[in-house]
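Numbering (the numbering used here), first residue to last: 730 to 1339.
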């Protein structure tokens, strides 16, 4: 076996044996307990009563959010046997994922067919997008540390600055209110694809803690056998409850990976390996100043290093491409809340430095914003405005939205916003800009059924791309689309879900369709959960609308099956077995034949909670 094979196998074997040992220790302490409470079953009659902060930085009910928002809860995430955030996003209607190689490989995220670098990804409110081209490494966030995910589809620049195509806000787990708890998980799949993780959490007095660490590796899954992976990650959070009211938090996130990203001996005569090191440290204060006024301060530092090792296969010629991002940031806001009004105002400051093989650049960037939500009976109104000094031109972003709860079971939404994005940090080019408009409705008027529909229009200009008629000349694009989602109430512990998104994206100069902007996205789901046994069958289809001649294939659906069984359970302790079959029918779904999707493969594992 190769060196990486040995590393993957030994890591998997070591943690699997530890998990098995803990499981055997737990068995004598467990009785065949009563079924866990099923109170968290999907209550579609209150589908929009959850809260979200991702759109406007205001914690408020989704029923008062005019934007098109999707929220994934801890329960929904746990049903997927996911390895990273990329696996979770791959199941969301309106989101298109381009995955390369094994779990943890390079993943590109598209929302309603906007470009991957149009999306801002936040980890507890801190952007993890790099400075090179605003790429967000969603494969670097382990699923284990995630409590919930909020996805805003459409411009959110009036709150977050450069968020042209939307925001994905990842909220990590908080310390549990008990002395000690945690879990150990190990899984093994084909070609020594191994995911081994442990987490501990608890609270002692005023101090709470959460710590997670893990290893994810693979020797590459056919047909991407050259796209091997070897990664490690560690996440830690401390939370201290201040006397009276308020809380201080500190967090630390470290990620390292060596992975293959491209292997094309026949077409490109090219292969690439990538080394990534990422460090994120944060310090936060949340302090109520009165019954209606709350101060929130965040300080953070990010250090990202990426080196690509490129090779021409036929000649063996090698070269490297290096990039380093450093971002030091301070964010402060005041939240004022009354019975009918919630207002947040604040400022963000960043000192950014970017180094690559040919240049070094640094800038100081800052922005100020004001966002409001006013409720008048069944009507809510949400205006917002933000000013940004980006270093490549000053930007003003504005948004206005409204919701109207027509009846107890029907909600209407309307939203329009202007936003921007700076995606070529090393070049003095004007930011890309967007004007987005949406109207939608959400209803549970039909018994046992939740429906949500959204119509949208996105106009984007100052777009620089190699796909342009002239790559040196920016172009303007218009995308018209519709999104429909449906879910059923669980009957006999079984529910159905579906989502369909259509987007027609054209460039205005000649009304020609924009290639590699997905036209059709379909998500299907069959779920079963009786608190002991669970299963999810997911089907997805993305019509990528690839460049003719690039050999893209995207017919039919990709089906994944996730199974789990909680065999032993009592209070906070349990023993769980899980299994996943990926791409059950060997479907093909890729925009470029040099980057085919994975064929059918299987994995399974064990989790001990204590």
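Think of the CB as a built atom: it goes at the ideal place given N, C-alpha and C, for glycine as much as any other residue.
Per the C-alpha coordinates, the member of 1267, 1182 and 969 positioned closest to residue 818 is 1267.
Below 8 Å, too few C-beta pairs join the region 967-978 and the region 996-1008 to call them touching: fewer than three. Residue burial annotation: residue 908 is exposed, with fewer than 16 other C-beta atoms found within 10 angstroms of its C-beta. By the C-beta criterion, the region 831-842 is judged not to be in contact with the region 1131-1149, since fewer than 3 inter-stretch pairs fall below 8 Å.
Nearest C-alpha to residue 987 among 1119, 793, 833 and 1092: 833.
In the DSSP assignment, residue 971 falls outside any alpha helix (DSSP H), carrying neither H nor E. In the displayed model, residue 867 falls within a helix according to three-state DSSP.
Secondary structure of residue 816 (DSSP, three-state): helix.
With the rule of 3 Cβ pairs closer than 8 Å, the region 963-970 counts as touching the region 931-945. Per DSSP, residue 884 lies in no beta strand (DSSP E) segment and is marked neither H nor E.
Taken atom to atom, the span from the alpha-carbon of residue 893 to that of residue 1059 is near 22 Å.
If only complete runs of 3 or more residues are kept, the region 933-1020 shows the beta strand (DSSP E) at 936-947, 958-970, 976-993 and 999-1017, in order along the chain.
In the DSSP assignment, the residues bridged to residue 848 are 895.
Counting only runs that start and end inside the region 1275-1301, the beta strand (DSSP E) elements of at least 3 residues fall at 1287-1299. Around the C-beta of residue 1027, 16 or more other C-beta atoms lie within 10 Å, and the residue is accordingly described as buried. When rounded, the separation of the alpha-carbon atoms in residue 1296 and residue 1282 is 41 Å. In the three-state reduction of the DSSP assignment, residue 841 falls in the coil class, being assigned neither a helical nor a strand state. About 31 Å separates the beta carbon of residue 1305 from that of residue 823, a gap too long to meet the 8 Å contact definition. With fewer than three CB-CB distances shorter than 8 Å, the region 895-905 does not count as touching the region 1126-1140.
Judged by pairs of C-beta atoms under 8 Å, the region 863-878 touches the region 796-814, as three or more such pairs exist. DSSP links residue 1082 through a beta bridge to 1055 and 1091. Nearest C-alpha to residue 1130 among 1216, 1167, 1096 and 1153: 1167. For the set 850, 861 and 854, the Cα lying nearest the Cα of residue 867 is the one of 850. Collapsing the DSSP output to three states places residue 1167 in a strand. Taking a contact to require three or more Cβ pairs closer than 8 Å, the region 1213-1233 and the region 1246-1258 qualify as touching. Between the region 855-863 and the region 1014-1033 there are three or more C-beta pairs closer than 8 Å, enough to call the two in contact. Counting only residues of its own chain and dropping the five nearest sequence neighbours on each side, residue 1050 has a CB closer than 8 Å to the CB of 1036, 1037, 1039, 1085 and 1086. Under DSSP, residue 1333 shares a beta bridge with 917 and 1308.
In the DSSP assignment, residue 1236 is bridged to 1206 and 1241.
Counting the other Cβ atoms within 10 Å of the Cβ of residue 1152 gives 16 or more, which makes it buried.
Of the candidates 1302, 1042, 1317 and 1277, 1317 places its Cα closest to the Cα of residue 1284.
Counting C-beta atoms within 10 angstroms of its own C-beta, residue 889 has 16 or more neighbours from the protein chains shown and is therefore classed as buried. Between residue 927 and residue 876, the CB-CB gap reaches or exceeds 8 Å.
Here residue 1192 is buried, its C-beta having at least 16 other C-beta atoms within 10 Å. The continuous beta strand (DSSP E) containing residue 1254 extends over residues 1249-1258.
According to the DSSP assignment, residue 1181 belongs to the beta strand (DSSP E) that extends over 1178-1192.
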